[in-house]
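Numbering (this note's numbering) for the sequence shown: 139 to 270.
Ideal Cβ positions, reconstructed from N, Cα and C, are used throughout, including at glycine.
In this text the structure is predicted, and so the values were computed from the model without any measurement.
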Amino acid sequence: MRSGSRWLGVLAAIVLLVAIAIGAAIAAVWTALPLDHATLVIDGETVALPDLAGWPAALALVLAVLAVLLAAVFTVGGVAIAIVAAMLGVAVAAVAVVVTLLLFTWPLLLIGWLVWRSARRPSAVGARPELA
């Protein structure tokens with residue numbers, strides 16, 4: 139169980155580092171780009187980005203980081219689910235091929251085994267290898 143918790147810790151550290159990097163990138167873009175006339179319209183209410191300061195700006199930054207992280211997690215999760223489904227499909231197909239081959243070749247395998255068994259040198263009567 140230690141291996142699983144180690145991977146979980148590594149995953150949590152990676153998510154934290156990605157969140158910090160995204161937050162730093164958004165903060166750098168926020169200060170570098172000219173946002174004098176940038177506005178957002180949400181449900182008919184207009185929000186001017188230059189007017190944001192204090193906790194609304196911090197809230198906007200946190201929500202942007204959260205949205206990007208959720209998008210990344212859902213994307214990775216979707217790809218992981220697709221890969222697992224594809225691997226399961228390949229495994230089922232491989233089992234079907236093996237079962238089909240065994241179904242049609244078992245008479246040949248049985249005859250081959252019987253020929254091999256009869257062609258072996260007969261062991262001496264009563265002679266058995268010692269069990270050491």
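Next item on the list: Report the partner residues of V179 according to the DSSP bridge assignment.
Entry: Counting from 1 along the sequence shown, the entry for residue 179 is found at position 41. Beta-bridge annotation (DSSP): V179 is paired with T184.
Check: Of all the beta strand (DSSP E) runs that stay within the bounds of the stretch 227-264, which reach a length of 3 or more residues?
Finding: Listed in chain order, there is nothing to give.
Note to self: Taking 8 Å as the threshold (C-beta atoms), are I160 and V206 in contact?
What the structure shows: In the sequence shown, counting from the first residue as 1, residue 206 sits at position 68. In the sequence shown, counting from the first residue as 1, residue 160 sits at position 22. Using a Cβ distance threshold of 8 Å, V206 and I160 count as a contacting pair.
Note to self: By the three-class DSSP mapping on this structure, what secondary structure does D174 have?
What the structure shows: Position 36 of the sequence shown, counted from the first residue, corresponds to residue 174. D174 sits in coil when the DSSP states are folded into three classes, being neither helix nor strand.
Next item on the list: Can you have a look at V203 and say buried or exposed, based on whether 16 or more other CB atoms are within 10 angstroms of its CB?
Entry: Counted from its first residue, the sequence shown places residue 203 at position 65. Around the beta-carbon of V203, 16 or more other beta-carbon atoms lie within 10 Å, marking it buried.
Check: Would you say L199 and A162 are within 8 Å of each other, going by their C-beta atoms?
Finding: If you number the sequence shown from 1, residue 199 lands on position 61. If you number the sequence shown from 1, residue 162 lands on position 24. Contact: no.
Note to self: Quick test of your reading: V185 and L178, contact by CB under 8 Å. State the CB separation rounded to the nearest angstrom.
What the structure shows: Mapped onto the sequence shown, residue 185 falls at position 47. Mapped onto the sequence shown, residue 178 falls at position 40. 5 Å between Cβ atoms; contact.
Note to self: One question on the structure: do V156 and A210 come within less than 8 Å of each other, judged by their Cβ atoms?
What the structure shows: As a working mapping, residue 156 is identified with position 18 in the sequence shown. As a working mapping, residue 210 is identified with position 72 in the sequence shown. Against a cut-off of 8 Å, the Cβ pair of A210 and V156 comes out as a contact.
Check: Which one of R255, P172, V214 and G182 has the shortest CA to CA distance from L149?
Finding: Within the sequence shown, numbered from 1, the residue matching residue 149 stands at position 11. If we check each option's Cα against that of L149, V214 comes out closest.
Next item on the list: Please list, in chain order, all residues of the same chain as D181 whose beta carbon is under 6 Å from its beta carbon, the five residues on each side excluded.
Entry: As a first step, residue 181 must be located in the sequence shown, where it is residue number 43. Answer for D181: no residue qualifies.
Next item on the list: Ignore the nearest five residues each way along the sequence and tell me which others in A176's own chain have a CB closer than 8 Å to its CB.
Entry: Numbered from its first residue, the sequence shown carries residue 176 at position 38. Closer than 8 Å at the Cβ level, and outside the excluded window around A176, lie A186, L187 and P188.
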